[in-house]
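Novice: Input: one structure, supplied below.
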């Protein structure tokens, strides 16, 4: 009987504690959804029944006209920032209060990923960024244009191997281009992506990192919710042993093939110069190379595949883009130079509008690092001050598709990103590459390679949607916005 009494006492205390814990936002007069025991408001993540980003978008839409929403990430109170002024504060103005992304990666189980500036916290991310930012300068990209144009020419010839009535998976096509271009620009290696007969080892490793699967879903589930102190006990790395081994070998062999007498004009050569300057080891070099390999391929191929989709279903946009490309090339004697690409303002609008309608990631996750006082909500006598370690979610898709900020938000309209509109746009309303000090350092390279691919495709082919294409559904078993049934297109020679 004593054992039963103790058990009932423990259950009662647990119940009281849960009720108290889950009343945090109610006690502070903050609107939000009702939590469920132990899982809070993220239970659908554990069954992979809904993508995390869509959960947050749902909260954004349900609690309109609120500056922020209180929800529970398992047992921990968290917020979704809705108001653009609040979002700007979090991302830019009060950056020091939110300088860490809300991901916990184990150095013990994932040594290379732990060096990625996206995952590093507090001041560590600055060390990583100072090595990355100079790599993607305009002058560097300009010098790499002959390499990119070579890839573009190969790309067109590869596409010609398809029949005009043959279905093409846009994601696969875009990945072939992005990996081929990144590897050539980064390592001066031909990764052999334009071959239907055998899969490139480089492509298979990108798929290993990002393609939806149970294990991919599990790792993207674990990182944002497991406390920092617990990650070393959960051996679920971002980079599998296969990818880790591949990257380390790539770095070792590529480094060994170079000498002071053989200088290459690629990204890896700059990394080697930084290694010599700052004295970091080959593990750090491999970590930064993994970051370059992963982020330089996946976000770009996601943007390119969705751009092909939008151009296929909006032929008027495709015609306008074709005319701009043709007219601009005439002015440059048919040469697709860096300056030529810069002049194609509608092409840039296509890329940026694609990232509005189809952001590569549907949310950003930050964590409070210094006490921050939130704006008052209706019914509050005084505002709430959140404390360090409080998760903060930026609802990228929710804001991007809010008609209050983007009239006819569902419509693909590249004109939204002409220069005047960009200059006047609120800093808390667009996150194609993030915003603030932690904005994507490879933004310039990513936009350039997507623009170049679109220019080559549009100049040579009509882009059409396949009659076999299914409506886009985001796969819940991955972090990125990955179309579950793919995007099927057809490309007909002009």
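Numbering (the working numbering), first residue to last: 2 to 495. Virtual Cβ for every residue (Gly too), placed ideally from N, Cα, C. Since the structure is predicted, the reported quantities are computational estimates derived from the model, not experimental observations.
Would you kindly check if the distance between the Cβ of residue 175 and the Cβ of residue 363 is under 8 Å?
Specialist: Not in contact: residue 363 and residue 175 (Cβ atoms no closer than 8 Å).
Novice: Under the three-state reduction of DSSP, which class applies to residue 308: helix, strand or coil?
Specialist: helix
Novice: Could you tell me the distance, in whole angstroms, from the CA atom of residue 489 to the CA atom of residue 495?
Specialist: 19 Å
Novice: Can you have a look at residue 236 and say buried or exposed, based on whether 16 or more other CB atoms are within 10 angstroms of its CB?
Specialist: exposed
Novice: Curious, which full-length alpha helix (DSSP H) runs of at least 4 residues does the region 356-412 contain?
Specialist: 397-401
Novice: Are the beta-carbon atoms belonging to residue 357 and residue 457 less than 8 Å from one another?
Specialist: Cβ distance not < 8 Å, so residue 357 and residue 457 don't count as in contact.
Novice: Would you mind working out which of 475, 338, 292 sits nearest residue 132, comparing C-alpha positions?
Specialist: 292
Novice: Would you call the region 344-359 and the region 379-387 in contact, with 3 or more CB pairs under 8 Å?
Specialist: no
Novice: Below 8 Å CB to CB, which residues in the same chain sit around residue 180 once its five sequence neighbours on both sides are set aside?
Specialist: 192, 194, 201, 203, 204, 207, 298, 302
Novice: Compute the Euclidean distance between the alpha carbons of residue 283 and residue 144, then round it to the nearest angstrom.
Specialist: 27 Å
Novice: How would you call residue 2, buried or exposed, if buried means at least 16 neighbouring beta carbons within 10 angstroms?
Specialist: exposed
Novice: Is residue 100 helix, strand or coil by DSSP?
Specialist: coil
Novice: Could you give the DSSP three-state label for residue 41: helix, strand or coil?
Specialist: In this structure, residue 41 counts as strand in the three-state DSSP scheme.
Novice: Is the region 86-96 in contact with the region 249-259, if contact means three or more CB pairs nearer than 8 Å?
Specialist: Judged by Cβ distances under 8 Å, the region 86-96 makes no contact with the region 249-259, as fewer than three pairs qualify.
Novice: Determine the closest residue to residue 460 out of 139, 158, 113, with distance taken between C-alpha atoms.
Specialist: 158
Novice: How far does the beta strand (DSSP E) with residue 475 in it reach, from first residue to last?
Specialist: Careful: residue 475 lies outside any beta strand (DSSP E) and carries neither H nor E.
Novice: Less than 8 Å separating the beta-carbons of residue 453 and residue 149?
Specialist: yes
Novice: Counting C-beta neighbours from all protein chains within 10 Å, is the total for residue 115 16 or more, i.e. buried, or is it exposed?
Specialist: buried
Novice: Between residue 84 and the rest of its own chain, which residues show a CB-CB distance below 6 Å, the 5 nearest in sequence each way excluded?
Specialist: 68
Novice: Quick test of the definition: if touching needs 3 or more C-beta pairs under 8 Å, does the region 362-376 touch the region 90-99?
Specialist: yes
Novice: Consult DSSP for residue 207 and reduce its assignment to one of helix, strand or coil.
Specialist: helix
Novice: Kindly indicate which three-state DSSP category residue 69 falls into: helix, strand or coil?
Specialist: strand
Novice: Could you tell me the alpha carbon to alpha carbon distance between residue 367 and residue 429, rounded to whole angstroms?
Specialist: 15 Å
Novice: Exposed or buried, which one is residue 33 when buried takes at least 16 other CB atoms within 10 Å?
Specialist: buried
Novice: Would you call the region 100-109 in contact with the region 53-68, where contact means no fewer than 3 C-beta pairs closer than 8 Å?
Specialist: no
Novice: Where does residue 499 land, buried or exposed, given buried means 16+ other C-beta within 10 angstroms?
Specialist: Past the boundaries of the shown model lies residue 499; the chain is included only from 2 to 495, so the question cannot be answered.
Novice: Between which two residues does the beta strand (DSSP E) containing residue 79 stretch?
Specialist: 77-82
Novice: Going by CA-CA distance only, name the one from 239, 197, 324 that's closest to residue 216.
Specialist: Here the closest residue by C-alpha is 239.
Novice: With 16 other CB atoms within 10 Å as the buried threshold, where does residue 290 fall?
Specialist: buried
Novice: So, does the region 4-18 touch the region 50-57, judging by three or more C-beta pairs under 8 Å?
Specialist: Touching, no.
Novice: Reducing DSSP to helix, strand and coil, say where residue 248 ends up.
Specialist: helix
Novice: If I measure Cβ to Cβ from residue 333 and keep anything under 6 Å in the same chain, skipping five residues before and after, which residues do I get?
Specialist: 341
Novice: With C-beta atoms as the reference, is residue 81 less than 8 Å away from residue 396?
Specialist: yes
Novice: CB residue 147 to CB residue 476, shorter than 8 Å?
Specialist: no
Novice: Mind checking whether residue 183 and residue 307 have CB atoms under 8 Å apart?
Specialist: If you check the CB distance, residue 183 and residue 307 do not come in under 8 Å.
Novice: Which of the three DSSP states is assigned to residue 259 in this structure?
Specialist: coil
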